[in-house]
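Undergrad: I have a structure here, written as structure tokens, and I will follow up with some questions on it.
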Amino acid sequence: MSKTIMEHSEASEVFNRDEPYVDWHDETLWFVRQKRDKSSKLLPEWEELRETASQIKNYVLSELDELLVQFEQKAKENGVHVHWAANAAEHNEIVLNLLKQHGITAMVKSKSMLTEECHMNEFLSKNGIDVIDTDLGERIVQLRKEPPSHIVLPAIHLKKKDIGDLFHEHLGTEAGATDPQYLAEAARQHLRDKFMTRRAALTGVNFAVADTGAFVVATNEGNADMGAHLADIHIASMGFEKIIPKQEHLGVFLRLLARSATGQPVTAYNSHFKKPREGQEMHIIIVDNGRTTQLGRADFRNSLKCIRCGACMNTCPVYRRSGGHSYHNAVAGPIGSILAPNLDMTKYADLPFASTLCGSCSNVCPVKIDIHDQLYKWRQVLAKGGHVPQTKGIGIRAMSMVLSQPRFYQWSGRLGRSVMRTVPFMVNNSLNPWYKQRDMPEPPKESFRDWYVRNRKE
Amino acid sequence: MNYSSLKIGLFIPCYVDQFYPQVGIATLELLEKLGCRVTFPTNQTCCGQPMANSGFEHLARPCDNLFFDLFSDCDYVVSPSGSCVLHIKEHLKADNRADESKVLRKRVYELVEFLTDILKIEHIEAEFPYRVGLHQGCHGQRGLHLSQMSELNAAPFSKPVFLLKQVKGLELIDLDRTDECCGFGGTFCVSEEAVSVKMGKDRVADHIRHNAEYITGSDMSCLMHLGGILKRSNSNVQIKHIAEILNSAVKKQIPVPIA
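Chains as they are written, first to last, in the working numbering: chain A, 347 to 804; chain B, 96 to 354.
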């Protein structure tokens, strides 16, 4: 499978072959960023909220061991079963075993990026379990047999026509139909049947409250509630960083989350789960899967503050023009690029370089993760570990050699400019990626230094 | 305050030195016009950012050493490039002189902020009678806070706009996206060529949509990238570093001959 993965630059090149589509993709996500701007600017205390959220999360990361144990204890007191998974495989096994114990072969699932990270659907379907994603966007990409391209807007890369064609094929809607209401109604009817017949429901966890043992799931479609309320068994999967210390902290995070994600003042459904209803079983799986390692990396630990709002993706000028799939990871965009190398430095070595380090991501982030600084730091780690292409290393070494020696630099500059003037095809050719779609600057006869020496130096 | 008693070091980034000598000249002349005593150490090369941003920070060390040796005796170091200045401010670390490097970092200024924050210029004698779009380089804006960024819920300000507004005849145009990255990004411009160019094309289109005759900015690297795209599309829109605009002389009124 790894052989078919295209690096970010290559995938972006393919993405950019259809320029009107790129324009549409960029505008669509920029619209979401603008909605975020508008709603965040309606709150005079916005920056204070961000700072507060950041501090709470800093506290969480430094007290994680205590908070997790506290949460487990409270949840158990509430009658919830708590499981611990060291990695993706363990998580998937726990889910499978729970289903097997109850003789269940079909399950509904609301949005959970963690299960994407664990490739759970793939694993369960191999083991005879039919998983239906109930978030509309997730269901769409599931039917297309592709991963979500955005953590909040999984099918944002698709146009109405794509959905119409897909639903015609899978749900029997009229051919050529593109009316969103008609298509959404078809999905609704299709999913309603699944909700009514599935005995197990899996949800994600947005926030797990240590002092009550309760957890909150945020959705705009109410699909988490629908699944959990109708099922005999509710499984909630959470990355261990989802902990917040107290119930009152929800006020900070829920205000930030929806505004940062879509510009809504609040998510349509913030569902609070505390204890199973009578006759129901409730399970929480707390997953590590590399998080302990990340927590141990001083420069990168605060990436675990992420609340998965997607604001960094919407604002990222590179993401908007390369699409989520170009990041070949469950979480795309700037945050994905600092999380992924922790899991596999070889496979994700390209991601920290898929950025201009413009810094917009760090400044929209509701929990103030220094994303662009971490991208820079990952580059250092990856280069040191030998994860960047050798040719690049050679080029950089040569550049360093020239720039370290003033006379060599002056001589090379003069030579280079003279070559550009006299034999421009040496530079203006297809081997020069700059020249492909841009002209080179006009090489002057004299550098600034030469001018200075001639005019100012006594 | 009399600035002629201060030693001001001029740092001209490598690519400006090689390709845009007129920007170096404008910066030097402008500072001198404003009464500064400027020195240009002729053995300077590069801030080291190309190596560091590519992941090879350690290969930027010789540049750090060179920069330190040439500029450590200056009261201020001024450079017409937000990106290079930000890199030096965040990363300069000469061998065995880590603490001294930190002191020097604080004395390095980008040209615009040097004019507004240190010289506290309130009036500039310049004329540039054109419609001009301002491209905010990300490192200057978000890194050095040359102007407020659109991401934050915070009071707006802009140091380059403050200066440009004083230029006679200059009409500053509005843009749809005030602070979107142009896509240059150092080695990103070649390693991620497709996205880089698309970002640049979109930036250029925003300026053209608002009838800019010139695109200016305080970072020549962004302007080099945008200029390359403009030229490829045979556009009449030109790039001009802010130093060149601020240094553009006011035309002397030619007395009309008496008939």
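Glycine residues also receive a C-beta, built at the ideal position from the N, C-alpha and C atoms.
Answer with yes or no whether the minimum CB distance from B/R200 to chain A is below 8 Å.
TA: Cβ-Cβ to chain A under 8 Å: no for B/R200.
Undergrad: Would you report the Cα separation of B/M146 and A/T661, rounded to the nearest angstrom?
TA: Answer to the nearest angstrom: the Cα atoms are 27 Å apart.
Undergrad: Assign B/D269 to one of two classes, buried (16 or more other C-beta atoms within 10 Å of its C-beta) or exposed (fewer than that).
TA: Exposed, because fewer than 16 other Cβ atoms sit within 10 Å of the Cβ of B/D269.
Undergrad: Would the beta-carbon of B/E266 fall within 8 Å of that of B/V345?
TA: Not a contact, by the Cβ cut-off of 8 Å.
Undergrad: So which of A/V799, A/W780, A/R763, A/E531 has the shortest CA-CA distance to B/L321?
TA: Checked all of A/V799, A/W780, A/R763, A/E531; the closest Cα to B/L321 is A/W780.
Undergrad: Pull up the distance between the alpha-carbon of A/E788 and that of B/V111, whole angstroms please.
TA: Rounded to the nearest angstrom, the two C-alpha atoms are 12 Å apart.
Undergrad: If distances are taken between C-alpha atoms only, which option among A/N778, A/R802, A/E792, A/F794 comes closest to B/E287?
TA: Among A/N778, A/R802, A/E792, A/F794, the Cα nearest to that of B/E287 is on A/N778.
Undergrad: So, helix, strand or coil for A/A547, using DSSP?
TA: Here A/A547 sits in strand by DSSP.
Undergrad: Give the residues of chain B in contact with A/A700, contact being defined as C-beta atoms less than 7 Å apart.
TA: Per Cβ cutoff of 7 Å: E287.
Undergrad: In this structure, what does DSSP give as the bridge partners for A/F561?
TA: Per DSSP, A/A554, A/F619.
Undergrad: Just to check my reading of the structure: A/F553 and A/F599 have Cβ atoms closer than 8 Å, yes? What is that Cβ distance to the nearest angstrom?
TA: Correct: roughly 6 Å between the Cβ atoms.
Undergrad: Using a C-beta to C-beta distance shorter than 7 Å, which residues of chain B count as neighbours of A/I742?
TA: Near A/I742 (Cβ distances below 7 Å), the residues of chain B are M146, S149, F151, L154.
Undergrad: Out of B/C233, B/A249, B/S253, state which residue places its alpha-carbon closest to the alpha-carbon of B/S242.
TA: Of the candidates B/C233, B/A249, B/S253, the one whose C-alpha sits nearest the C-alpha of B/S242 is B/S253.
Undergrad: Report the three-state DSSP secondary structure of A/G518 (helix, strand or coil).
TA: Coil, per DSSP.
Undergrad: Going straight from the alpha carbon of B/K201 to that of B/A338, what length do you get?
TA: The alpha-carbon atoms of B/K201 and B/A338 are separated by roughly 22 Å.
Undergrad: Using a Cβ-Cβ cut-off of less than 8 Å, list which residues of the region 376-397 of chain A approach chain B; keep chain order.
TA: So the close ones are W376, D383, S386, K387, L389, P390, W392, E393.
Undergrad: Report yes or no: do the region 704-716 of chain A and the region 752-762 of chain A share at least 3 C-beta pairs separated by less than 8 Å?
TA: Touching, no, given that fewer than three Cβ pairs across the two stretches are closer than 8 Å.
Undergrad: Sorted by chain position, which residues of the same chain lie with C-beta nearer than 8 Å to A/K349's C-beta, five sequence neighbours on each side aside?
TA: Any reading at A/K349 is ruled out, since the residue's pLDDT is 49, under 50, leaving its predicted position unreliable.
Undergrad: Roughly how many angstroms lie between the CA atoms of A/H733 and A/H448, to the nearest whole one?
TA: Each residue's Cα considered, the two are about 46 Å apart.
Undergrad: Any C-beta of chain B sitting closer than 8 Å to the C-beta of A/N635?
TA: Not one chain B Cβ lies under 8 Å of A/N635.
Undergrad: Under 7 Å: does the beta carbon of B/G280 sit that close to some heavy atom of the ligand SAM?
TA: This structure lacks the ligand SAM, and indeed carries no ligand of any kind.
Undergrad: Just to confirm the assignment: which complete alpha helix (DSSP H) runs, minimum length 4, are found wholly within the region 457-522 of chain A?
TA: Segments of the alpha helix (DSSP H) lying fully in the region 457-522 of chain A: 459-463, 466-472, 482-489, 506-517.
Undergrad: Could you round the C-beta distance between A/R763 and B/Q113 to whole angstroms and report it? I think they count as a contact, below 8 Å.
TA: Their Cβ separation, rounded to whole angstroms, is 6 Å, which keeps A/R763 and B/Q113 in contact under 8 Å.
Undergrad: Just grab the DSSP bridge partners of A/H427 for me.
TA: Answer is A/H629, bridged to A/H427.
Undergrad: Chain A partners of B/Q113, CB-CB under 7 Å?
TA: The answer, in chain order, is G759, R763, S793.
Undergrad: What residues in the region 241-256 of chain B have a beta carbon less than 9 Å from any beta carbon of chain D?
TA: No chain D is part of this structure, whose protein chains are labelled A and B.
Undergrad: By how many angstroms is the C-alpha of A/V360 removed from the C-alpha of A/P500?
TA: Near 20 Å, if we compare the C-alpha coordinates of A/V360 and A/P500.
Undergrad: Counting Cβ pairs, one atom from each stretch, are 3 or more of them under 8 Å apart for the region 456-463 of chain A and the region 533-549 of chain A?
TA: Yes, since at least three Cβ pairs between the region 456-463 of chain A and the region 533-549 of chain A fall closer than 8 Å, the two stretches touch.
Undergrad: Which same chain residues end up closer than 8 Å to A/R795 when comparing Cβ atoms and leaving out the 5 residues on each side of it in sequence?
TA: Closer than 8 Å at the Cβ level, and outside the excluded window around A/R795, lie Q756.
Undergrad: Three Cβ pairs or more, each shorter than 8 Å: is that satisfied between the region 223-241 of chain B and the region 303-317 of chain B?
TA: These segments touch.
Undergrad: So who's on the other strand from B/K335, going by DSSP bridges?
TA: Per DSSP, B/T311.
Undergrad: When burial is assigned at 16 or more other CB atoms within 10 Å of the CB, is B/A249 buried or exposed?
TA: Classification of B/A249: exposed, given that the 10 Å Cβ count is below 16.
Undergrad: Is B/I340 helix, strand or coil when you go by DSSP?
TA: It is helical.
Undergrad: Give a yes or no on whether the C-beta atoms belonging to A/F469 and A/N438 are separated by under 8 Å.
TA: A contact, by the Cβ cut-off of 8 Å.
Undergrad: Answer with yes or no whether the minimum CB distance from B/V207 to chain A is below 8 Å.
TA: No, its Cβ sits nowhere closer than 8 Å to a Cβ of chain A.
Undergrad: Going along chain A, which residues have a C-beta under 9 Å from B/R226?
TA: Simply none; closest approach about 23 Å.
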